[in-house]
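Note sheet for the following structure.
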Amino acid sequence: MNLFRLAGDMSHLFSIVLILLKIYTSKSCAGLSMKTQELYTLVFVTRYLDLFYSYVSLYNTVMKLIFLASSFGILWYMRYHKQVKQTYDREQDTFRHYILVVPCAVLALIVNNELSVTEVLWTFSIYLEAVAILPQLVLLQRTKNVDNLTGQYIFFLGAYRALYILNWIYRYWTEPKYRQYLVWAAGLVQTGLYADFFYYYLKSWQAGEKLRLP
Amino acid sequence: RIAKELKDEL
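In order, the protein sequences belong to chains L and U.
Going from the first sequence to this note's numbering is simple: count from 1 and add 609.
Going from the second sequence to this note's numbering is simple: count from 1 and add 342.
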């Protein structure tokens, strides 16, 4: 494992820690999209089915379990915690799941490496992860009320993708067998979705202000 | 076709 990959994973992990910290300390999930969290949970469940049939390393297994548990934990807080659930912006978070889930499922059935249940589900998770942030970005645009932690959460999620791209470039040159075009294409799309957000995030940061969206 | 050992990322 190279440093880009490790830094990417840590960035991903850190973004989740930030969310849990925000929810736990402020007892609020204001500004967070439950739709995005549900989509990520679906991504983890469909991708990490391989926990049952393949083993890569202890590191991978532990990280997969952390991602699964934390995503269910976040959803539990947003849905069932007495105080937290009252802070959820239900009226603003109106993005429909099927708008993303259906096209990703269809695409996974058409463009995949092998037409088997596990492979299609894995491919579906790759496509869905690429677009799962959209409800969160829409909510952000709508509420314009971006607290620091939500801004940092999205920043670290974007950083995770950017670091993975560096990891792929590194692996492309160092591992001749490593060619995952499908994953790379989805990863590029995913990182691209953050470009606009990054622009405003860095601008606000430079000006030493809170994140403001136009 | 992608070998399983290539799926070592998260």
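Ideal Cβ placement from N, Cα and C applies to all residues, glycine included.
Predicted, not measured: the structure shown is a model, and the values here were computed from it.
| query | result |
| --- | --- |
| Segment limits, alpha helix (DSSP H) that includes E784 of chain L | That residue, E784 of chain L, is in no alpha helix (DSSP H); it is neither H nor E in DSSP. |
| Cβ separation of V755 of chain L and L822 of chain L, assumed to be a contact under 8 angstroms, to the nearest whole Å | 7 angstroms |
| Rounded separation between I742 of chain L and L802 of chain L - CA only | 8 angstroms |
| G640 of chain L beta carbon less than 8 angstroms from that of T727 of chain L | no |
| Neighbour flag for L612 of chain L against chain U, beta carbons, 8 angstroms | no |
| Residues of its chain near M687 of chain L, where Cβ-Cβ distance is below 8 angstroms and the 5 sequence neighbours each way are ignored | I632, C638, L641, M643, Q646, V693, K694 and Y697 |
| Residue burial classification, Y762 of chain L (beta-carbon count within 10 angstroms, cutoff 16) | buried |
| Proximity test, W793 of chain L beta-carbon vs the ligand MG heavy atom, cut-off 7 angstroms | In the structure shown, the ligand MG is absent, as is every other ligand, since no ligand is present at all. |
| Per-residue contacts from V665 of chain L into chain U (C-beta, under 7 angstroms) | D350 |
| CB contact below 8 angstroms: Q789 of chain L versus chain U | yes |
| Rounded straight-line distance, which links the Cα of R788 of chain L to that of Y781 of chain L | 7 angstroms |
| Endpoints, alpha helix (DSSP H) assigned at K812 of chain L | A804 to Q815 |
| 8 angstroms Cβ cutoff met for F661 of chain L and N776 of chain L | no |
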